[in-house]
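Residue numbers (the numbering used here): 5 to 313. Note that beta-carbon positions come from the ideal geometry of N, C-alpha and C, so glycine has one too. Note that the structure is a prediction, hence the values are computed from the model and not measured. Read through the structure below, which is laid out as structure tokens, and then see the notes.
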């Protein structure tokens, strides 16, 4: 059952659905009306999407796993997918297949960057690995979100002279809408992981550095776990990088790196038959004992115990 976490780009994503279900703007943006189809079986195993997605569940119920944590997504659930997350849909209940319907807005990383909206600033970075990514939207929020989706549909399906500019402005606004809802929910349901109010304040420079740092971690975590490596890439000293990351997120740089490595290890242990010794090599550990020590210190289980759990 060997299975590597594969990455799906926007072009590949929209080929999985009927053409009539997709409205596209070049290879940058797609609005997809998703109903159950056997093509969704590709998501039975964990994968990553190379970009940003916003989901809105119109009807039905579906189980989704984000970073190996399972969530029950129901009608009126809303979710913003950030690059780097591992997502899978283990199965769809037979009784739910006919009723399943959700809208997806998918955008490439490059396109989102062109919007100049700093999505990691708008949408709290903690939700990427730690917090519940799905939440129910309320009636008033639902009405506004539906208007956004319908307007995006009308613009993408039009021949407007400034179509790209129009949809870009709308989607930039949509990020603020989503970020505001998420921030409001976080305030209503405080997490024990959240920092004190004083520590939450973040310097602009620190935010920029963190965005660059976490993008590098997503790219290189299977090869490099040293803060010095990432500091060198960013032309900073390890001490200064650590200070900026801690101030911006409340979590130390090594913790962010370890989170990515552990997630990758868990995925290979849980969803593949790859021997542990090969996982050790793929994650660039010097030997099996070093990997065992690293994994147990952060999960409380040995790799073998986790695979059997």
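Bounds of any alpha helix (DSSP H) do not take in residue 289, whose DSSP letter is neither H nor E.
Within its own chain, the residues whose Cβ lies closer than 7 Å to the Cβ of residue 119, once the five positions on either side in sequence are excluded, are 172, 175 and 176, listed in chain order.
The three-state secondary structure of residue 55, taken from DSSP, is strand. Within the model, the alpha-carbon separation for residue 180 versus residue 59 is close to 15 Å. Uninterrupted beta strand (DSSP E) stretches at least 3 residues long and entirely within the segment 228-285 do not occur. Separation of residue 145 and residue 81 (C-alpha to C-alpha, rounded to the nearest whole angstrom) is 11 Å. Cβ contact annotation for residue 50 (same chain, cutoff 6 Å, sequence separation greater than five): 9, 90, 92, 271 and 275, in chain order. Under the three-state reduction of DSSP output, residue 103 falls in the coil class, being neither helix nor strand.
With a cutoff of 8 Å on beta-carbon distance, residue 256 and residue 265 are scored as not near each other. For residue 55, the closest alpha carbon among the candidates 88, 269, 140 and 273 is that of 88. Relative to residue 158, the option among 29, 286, 283 and 139 whose CA is nearest is 29. In its chain, beyond the 5 residues on either side, 261 and 265 have a beta carbon closer than 7 Å to the beta carbon of residue 229. When the beta-carbon positions are compared, residue 252 and residue 210 come within less than 8 Å of each other. In the structure shown, the three-state DSSP call for residue 31 is coil. In the pairwise beta carbon analysis, the segment 285-292 is classified as not touching the segment 93-101: fewer than three pairs are separated by under 8 Å. In the structure shown, residue 165 adopts coil according to DSSP, grouped into three states. Boundaries of the alpha helix (DSSP H) around residue 118: 113-118.
In the structure shown, the three-state DSSP call for residue 12 is strand. Judged by DSSP in its simplified three-state form, residue 85 adopts strand. When secondary structure is reduced to three states using DSSP, residue 302 falls in the helix class. Beta-bridge analysis with DSSP links residue 109 to 35 and 58. Here the C-alpha atom of residue 41 lies approximately 13 Å from the C-alpha atom of residue 23.
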